[in-house]
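A.B. asks: Residue numbers 1 to 187, in our numbering, belong to the letters of the sequence shown in order.
All residues carry an ideal CB built from backbone N, CA and C; glycine is no exception.
Quick caveat: nothing in here was measured; it's all calculated off a predicted structure.
Take a look at this one; I'll ask things after.
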Amino acid sequence: MTKLTTKFEQALIYATQLHANQRRKVDKIPYISHLMSVSALILEAGGTEDEAIAGLLHDAIEDQGGKATREEILQKFGETVVKIVDGCTETDITPKPPWKQRKIQYIESIRNGSDSVKLVSLADKLHNARSLLIGYRNQGDKLWDYFSGSKEDKLWFYGELLKIYQQGNVNFMTAELKQILAELGNH
Numbered sequence: 001m002t003k004l005t006t007k008f009e010q011a012l013i014y015a016t017q018l019h020a021n022q023r024r025k026v027d028k029i030p031y032i033s034h035l036m037s038v039s040a041l042i043l044e045a046g047g048t049e050d051e052a053i054a055g056l057l058h059d060a061i062e063d064q065g066g067k068a069t070r071e072e073i074l075q076k077f078g079e080t081v082v083k084i085v086d087g088c089t090e091t092d093i094t095p096k097p098p099w100k101q102r103k104i105q106y107i108e109s110i111r112n113g114s115d116s117v118k119l120v121s122l123a124d125k126l127h128n129a130r131s132l133l134i135g136y137r138n139q140g141d142k143l144w145d146y147f148s149g150s151k152e153d154k155l156w157f158y159g160e161l162l163k164i165y166q167q168g169n170v171n172f173m174t175a176e177l178k179q180i181l182a183e184l185g186n187h
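Laid out in structure tokens, this is it:
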């Protein structure tokens with residue numbers, strides 16, 4: 001059983017401060033709710049404290065300051081955490097490269113990533129997929145208007161990642177992601 005220390009508490013506060021003005025695309029709820037959900041999924045899957053912290057911070061470099069934020073994460077939470085966050089970061093370039101290019105690079109990063117990177121990525125994608133399914137049930141096809149990629153693009157991206165996740169340490173999250181993607185694909 002993973003024991004959480006003050007390091008986790010500090011990461012939760014840091015993530016809350018970093019993402020204070022950020023909201024989810026579809027439901028507009030505070031972004032920290034996504035980060036807490038990802039971290040919770042990691043812990044429920046038996047992840048370590050560092051993996052749970054990386055779950056809280058997995059979007060920090062990409063969405064909140066790039067290289068400067070990466071350096072802060074390294075200083076505050078250590079090399080293990082920053083390596084996981086690096087592995088889960090699509091890009092730290094502004095403006096962001098085109099959608100398809102970013103997704104192909106992300107797929108390769110996850111394919112070549114450590115088990116910890118794969119676990120954090122899986123938790124992130126599962127929570128995103130849960131949110132997509134809820135959004136789809138509430139809004140129908142209008143949901144896809146919130147995103148850069150089309151429904152088909154999103155399902156392709158998640159499907160490619162699912163193949164990678166299934167090659168590793170399969171847990172409850174892999175099965176649930178597969179089920180959600182099947183449901184989204186049937187509409």
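#1: Please report the residue range of the alpha helix (DSSP H) in which L122 lies.
#2: Check whether the Cβ atoms of I61 and V81 sit closer than 7 Å, and answer yes or no.
#3: Under 7 Å between the Cβ atoms of I164 and I110?
#4: With three or more C-beta pairs closer than 8 Å as the rule, is the region 89-102 touching the region 122-132?
#5: Tell me R197's beta-bridge partners as DSSP assigns them.
#6: Output yes or no for whether 7 Å exceeds the beta carbon distance between L162 and K178.
#7: Determine the direct distance from the alpha carbon of Y146 to that of L189, and round the result to whole angstroms.
#8: Quick check on the burial criterion: 16 or more other C-beta atoms within 10 angstroms. Buried or exposed for A182?
#9: Looking at the structure shown, is T80 part of a helix, part of a strand, or coil, going by DSSP?
#10: Beta-carbon within less than 7 Å of M173's beta-carbon, same chain only, minus the 5 sequence neighbours each way: which residues are those?
C.D. replies: Looking at the atomic coordinates:
#1: Indexing the sequence shown from 1 puts residue 122 at position 122. Unbroken alpha helix (DSSP H) run through L122: D115 to Q139.
#2: Indexing the sequence shown from 1 puts residue 61 at position 61. Indexing the sequence shown from 1 puts residue 81 at position 81. Taking 7 Å as the Cβ cut-off, I61 and V81 do not qualify as a contacting pair.
#3: Here residue 164 refers to the residue found at position 164 when the sequence shown is read from its first residue. Here residue 110 refers to the residue found at position 110 when the sequence shown is read from its first residue. Their beta carbons are under 7 Å apart, which means I164 touches I110 by this criterion.
#4: Of all C-beta pairs linking the region 122-132 to the region 89-102, fewer than three are shorter than 8 Å, placing the two stretches out of contact.
#5: With the chain represented from 1 up to 187, any question about residue 197 goes unanswered, as that position is not in the structure.
#6: In the sequence shown, residue 162 corresponds to position 162, counting from 1. In the sequence shown, residue 178 corresponds to position 178, counting from 1. Against a cut-off of 7 Å, the Cβ pair of K178 and L162 comes out as a contact.
#7: Nothing about residue 189 can be read from this structure; the chain reaches only from 1 to 187.
#8: Sequence index remark: in the sequence shown, residue 182 carries index 182 (1-based). By the 10 Å Cβ count, A182 comes out exposed.
#9: Numbered from 1 along the sequence shown, position 80 holds the residue referred to as residue 80. Three-state DSSP puts T80 in a helix.
#10: The count along the sequence shown starts at 1 and reaches residue 173 at position 173. Within the same chain, L41, A45, L122, A123 and L126 come within 7 Å of M173 by CB-CB distance, once the 5 residues on both sides are set aside.
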